[in-house]
Amino acid sequence: MPKAFQSSSRPFHHPQPQSPLHCGAVSLEELARNFGTPLYVYSADQILERLEMFTQALAGRDALVCYAVKANSALAILKLLAARGAGFDIVSGGELERVLAAAPEAADRVVFSGVGKTAAEIDRALDVGILEFNVESESELELLAARAAKRKRKARFALRVNPDVFAETHPYISTGLREHKFGIDIRRAASLYESAARNRWLEPHGISVHIGSQIRSADPFGAALERVYKLVTQLARKGILIRSIDAGGGLGIDYHAGKSDPAARVRDYAAAVDRALAGFDGQLLLEPGRFLVAQAGALVTRVLIVKQNGRKTFVITDAAMNDLIRPALYQAHHEIVPVQPRTGRARAVDVVGPVCESGDFFARDRKLPPVQPGDLVALLDAGAYGMAQSSNYNTRVRPAEVLVEGRNARLIRRRETIADLLAPEMV
Ligand SMILES: *Cc1c(COP(=O)(O)O)cnc(C)c1O
């Protein structure tokens with residue numbers, strides 16, 4: 016029996032109008048008291064629910080969800096997903112070490128993407144026996160063959176093709192056009208498979224594609240996969256059997272408040288994939304990142320100062336662009352919710368951090384209910400590309416992270432200390 020999904024797309028809610036914002040059953044006020052701020056809070060239940068949406072939408076297919084580690088690489092989250100059978104999409108040797116640390120048994124469910132793999136990274140991945148290398152250039156294929164020969168281990172690979180499909184999203188996270196650095200021109204792929212098939216250390220195994228991130232329509236995914244499937248049939252005629260198709264990640268979420276139904280979005284997506292790959296009965300790999308974790312997470316921050324400059328009001332928080340860079344980098348929108356609502360008229364404010372950059376903002380001219388110094392606010396939908404893109408800019412320690420599982424909340428990463436930051440340096 017398919018399980019009914021909770022219709023709410025976010026686990027953060029006020030149980031009563033006057034009660035503090037909760038993550039599931041746990042009060043964010045209590046978490047801030049126990050663990051300090053800024054604090055990333057994630058709902059394990061929501062992450063698993065999202066994974067289950069894919070599993071259900073793709074029932075009947077041989078499908079493996081390979082979570083894109085770069086969206087949120089917390090070891091505890093990797094372990095949680097691995098325990099439910101997920102694989103992983105990695106883009107560096109460092110991410111491979113994360114998977115091995117969190118879930119060594121999942122090594123053979125790892126696909127390795129990325130435009131610039133080093134020999135050392137390839138060697139390590141060959142040694143631990145990953146599922147497949149997603150190769151992004153002819154020279155990478157040569158390097159892979161050379162390393163495989165040296166290690167005497169056959170390398171299973173997919174070519175990441177560039178399907179030349181336009182997907183409506185922010186230009187920094189669009190990857191499926193010929194002008195982007197990603198993938199191999201799909202028109203050149205067949206001849207590369209043919210020459211690779213003659214190399215005893217290379218095993219043509221799959222075709223992969225990834226057209227970008229935060230894509231909210233299913234159409235470009237379908238269009239890209241139709242082109243991929245054409246290549247599969249073309250290769251079959253030449254005697255090259257493609258066993259897996261990796262459809263990449265990129266499924267978007269709604270960052271604005273609204274009533275969109277994530278389960279319906281996954282079903283639409285799966286339907287588009289199914290239509291494009293109707294004739295394909297090999298393994299289907301998917302690499303969702305953002306869709307699994309973004310809405311499961313919030314960044315909880317304390318208001319330090321409310322200040323008036325001319326006509327503008329600035330709400331200055333203890334979190335900054337180094338903790339969550341998406342607004343500065345992609346002009347991204349995050350909903351901002353006071354943890355303990357106050358009554359009073361909403362007014363337009365800029366919510367900013369203490370970093371010395373005018374780009375250090377979370378929201379501009381945002382209507383917010385009244386907030387005062389000492390209040391907590393939550394930046395929603397911060398589970399993906401939040402902590403993962405954080406830095407120590409301005410010598411700021413990175414936030415702690417908490418994972419909420421049912422009624423239980425546990426620290427999954429302690430707050431950094433200044434000593435952590437200074438440790439690698441010599442005077
Ligand atoms: C970033 C990335 C993903 C994940 O993208 P999301 O938008 O987070 O789903 C998947 N595959 C590859 C190759 C990527 O680079």
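Counted from 1, the sequence shown has number 218 at position 203 by the numbering used here; the numbering is strictly sequential. Backbone N, C-alpha and C define an ideal beta-carbon position, used for all residues, glycine too. Computed from a prediction, not measured in an experiment: that's the story for all the values here.
Scanning its chain for C-beta atoms nearer than 7 Å, with the 5 sequence neighbours on each side dropped, one finds around valine 281 the residues Met68, Phe69, Ala72, in chain order. In the DSSP annotation of this structure, the continuous segment of the alpha helix (DSSP H) that includes alanine 117 starts and ends at 108-117.
Membership of alanine 313 in any alpha helix (DSSP H) is not indicated; the residue belongs instead to the beta strand (DSSP E) covering 312-324. Bridge partners of glutamine 298 according to DSSP: Ser259. For proline 353, the uninterrupted beta strand (DSSP E) segment begins and ends at 351-353. Following the DSSP letters along the chain, one finds phenylalanine 236 inside the alpha helix (DSSP H) bounded by residues 234-252. Per the DSSP secondary-structure output, tyrosine 57 pairs in a beta bridge with Gly312, Leu418. Considering only Val370, Glu120, Leu266, Ala163, the residue with the shortest C-alpha distance to arginine 65 is Leu266. Take the alpha-carbon of glycine 144 and the one of isoleucine 62: they are about 27 Å apart.
For glutamate 218, the enclosing beta strand (DSSP E) covers residues 217-223. Nearest to leucine 174 by C-alpha distance, out of Arg166, Ala205, Lys196, Tyr187, is Ala205. The nearest non-hydrogen atom of ligand 1 is 6 Å or more from the C-beta of alanine 72. In terms of Cα proximity to glutamine 298, the closest of Phe20, Asp60, Ala74 is Ala74. C-alpha of leucine 36 to C-alpha of arginine 357: approximately 12 Å in a straight line. With a contact defined as Cβ atoms closer than 8 Å, alanine 313 and valine 56 qualify at about 5 Å. Set against 6 Å, the gap from the CB of alanine 86 to the closest heavy atom of ligand 1 is smaller. Beta-carbon to beta-carbon, alanine 272 and glutamate 241 are separated by about 35 Å, too far to satisfy the 8 Å threshold. Here the segment 177-190 makes contact with the segment 221-231; the two share three or more CB pairs at distances below 8 Å. For glutamate 153, the closest C-alpha among the options Lys165, Lys132, Phe306 is that of Lys132. With distances taken between CA atoms, glutamate 120 lies nearest to Gly100 out of Ser128, Phe127, Gly100, Asp104. By the Cβ test, the segment 372-380 is not in contact with the segment 301-309, since fewer than three Cβ pairs between them sit closer than 8 Å.
Around valine 354, the same chain offers Pro35, Leu36, Leu43, Glu44, Ala47, Val315, Asp390, Leu391, Val392, Ala393 as residues with beta carbons nearer than 8 Å, after the five sequence neighbours per side are excluded. The beta carbon of phenylalanine 236 is closer than 6 Å to those of Ala287 in its chain, skipping five residues each way along the sequence.
Short of 6 Å from the beta carbon of valine 247, and not among the five residues preceding or following it, lie these beta carbons of its own chain, in chain order: Ile257. Taking all protein chains in view, the Cβ of aspartate 296 is surrounded by fewer than 16 other Cβ atoms within 10 Å, so the residue is classified as exposed. Where lysine 165 is concerned, the enclosing alpha helix (DSSP H) starts and stops at 153-166.
Assignment of beta-bridge partners to alanine 393 by DSSP yields Val315, Val352.
Phenylalanine 127 is a Cβ neighbour of phenylalanine 148, given a cutoff of 7 Å. The three-state secondary structure of aspartate 200, taken from DSSP, is strand. Look at glycine 294: its beta carbon is at least 6 Å from all of the heavy atoms in ligand 1. Annotated as proximal: proline 388 and valine 318, with beta-carbon spacing under 7 Å. Put simply, the backbone Cα of isoleucine 222 is about 15 Å away from that of cysteine 81. For valine 364, the closest C-alpha among the options Ala122, His348, Val386 is that of Val386. Distances between the C-beta of serine 210 and the heavy atoms of ligand 1 are all 6 Å or more. Along the segment 68-145, the beta strand (DSSP E) occurs as fully enclosed runs of 3 or more residues at 78-83, 102-105, 125-127, listed in sequence order.
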